[in-house]
Amino acid sequence: GQQLNQSPQSMFIQEGEDVSMNCTSSSIFNTWLWYKQDPGEGPVLLIALYKAGELTSNGRLTAQFGITRKDSFLNISASIPSDVGIYFCAGTSTQGGSEKLVFGKGTKLTVNP
Amino acid sequence: NAGVMQNPRHLVRRRGQEARLRCSPMKGHSHVYWYRQLPEEGLKFMVYLQKENIIDESGMPKERFSAEFPKEGPSILRIQQVVRGDSAAYFCASSHYMGQTQETQYFGPGTRLLVL
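Chains as they are written, first to last, in my numbering: chain A, 736 to 848; chain B, 209 to 324.
If you want it as structure tokens, here you go:
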């Protein structure tokens, strides 16, 4: 089945530092999404990317949809303590019309004040 | 503007009992998805439904699991004769399909199932 390889698995940074995480796949995805999950909660959408090469920002977050459609990265600039959480990449590909999401295993971010 | 609602938030069942998880999609959304998340893992797709139709159940275990999304009321994920391995967080997501372009899926807070 389709898989997304997300790295790094975890990150420990100081407040104010920039963060970068990425996802790669051996198969093509038509949409890339980045979600954040806080403990005990559901994933919250951060950024959605619909076109190859697309670069999108949401405040201090920037994400890009790779040209090959097989990768995406998420950058967080000037991290703050509330950035703590687990970040998931997810992708969709057309398979008979179903738009199920395939998720990476997540990047656990810890920000030290 | 209510988001995706799920209840209960926490559910404890003994082995062999039935678990019923409910999901009310966002207003105006007609597509519902169920995902399962094990500790320290990403979400895994289970089933995709539209009103009164199962579109894709390729991620559902063949036995004991079923899902429905009736014309009226919430979507239900039903697990019969639960086993300890069913313990997980179950998330529902909804979206609004717009022709060729599907809007993003928005997730509920999840139901945490613990099987004793």
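Ideal Cβ positions, reconstructed from N, Cα and C, are used throughout, including at glycine.
In the three-state scheme derived from DSSP, where H, G and I count as helix and E and B as strand, Gly293 (chain B) is classed as helix. With respect to the 8 angstroms criterion, Gln772 (chain A) and Phe823 (chain A) are classified as neighbours on the basis of their beta carbons. Closer than 9 angstroms at the C-beta level to chain B, one finds these residues of the region 771-798 of chain A: Gln772, Gly775, Glu776, Gly777, Pro778, Val779, Leu780, Ala783 and Tyr785. Within the region 274-308 of chain B, contact with chain A at the beta-carbon level (separation under 9 angstroms) is assigned to Ala297, Phe299, Cys300, Ala301, Ser303 and Tyr305.
Neighbours of Glu249 (chain B) in chain A, taken as residues whose beta carbon is under 9 angstroms from its own, are Phe838, Lys840 and Gly841 in chain order. By the beta-carbon neighbour count (other beta carbons within 10 angstroms, threshold 16), Val255 (chain B) is buried.
When DSSP states are grouped into helix, strand and coil, Asp264 (chain B) belongs to the strand group. Gln313 (chain B) reaches chain A at Leu836, counting residues in chain order whose Cβ is nearer than 7 angstroms. Distance from the CA atom of Ile262 (chain B) to the CA atom of Phe764 (chain A), rounded to whole angstroms, is 23 angstroms. Sorting B:Pro233, B:Gln214, B:Val220 and B:Ala210 by C-alpha distance to the C-alpha of His304 (chain B) places B:Pro233 at the top. Here Ile287 (chain B) is near Ala227 (chain B), since their CB atoms are less than 8 angstroms apart. Boundaries cannot be given for Val212 (chain B), as no beta strand (DSSP E) includes it and DSSP labels it neither H nor E. Straight-line measurement puts the Cα of Ile815 (chain A) at about 17 angstroms from the Cα of Tyr770 (chain A).
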